[in-house]
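In this note's numbering, the protein residues as written are 73 to 132.
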């Protein structure tokens, strides 16, 4: 098992970690928060395409 990273963010997996990652990508289901993030991101993209800018509100 080996995990190597670089300063540019590249990650190399080997052994059981590589098998687990491949299985997760192939058969895993997204979490609800990830699906909601995709929906909100698409809304921002559509707003940007329509107006030329997008408004992001920060919750504190």
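Glycine included, each C-beta is placed from N, C-alpha and C at the ideal position. None of these values were measured; they are calculated from a predicted model.
Exercise. Is the beta carbon of residue 126 sitting closer than 7 Å to the one on residue 116?
Worked result: For the purposes of this step, residue 126 is taken as residue 54 along the chain shown, with counting starting at 1. For the purposes of this step, residue 116 is taken as residue 44 along the chain shown, with counting starting at 1. For the pair residue 126 and residue 116, the CB atoms are nearer than the 7 Å cut-off.
For this session: Just the C-alpha distance for residue 124 and residue 118, rounded to the nearest angstrom, thanks.
Result: One-based indexing of the chain shown puts residue 124 at position 52. One-based indexing of the chain shown puts residue 118 at position 46. Computed Cα separation, rounded: 10 Å.
For this session: Note the first and the last residue of the continuous alpha helix (DSSP H) segment covering residue 107.
Result: Taking the first residue of the chain shown as position 1, residue 107 is located at position 35. Boundaries of the alpha helix (DSSP H) harbouring residue 107: 104-123, taken from the DSSP string.
Exercise. Between the beta-carbon of residue 93 and the beta-carbon of residue 85, is there less than 7 Å?
Worked result: By 1-based counting over the chain shown, the position of residue 93 is 21. By 1-based counting over the chain shown, the position of residue 85 is 13. Cβ distance < 7 Å, so residue 93 and residue 85 count as in contact.
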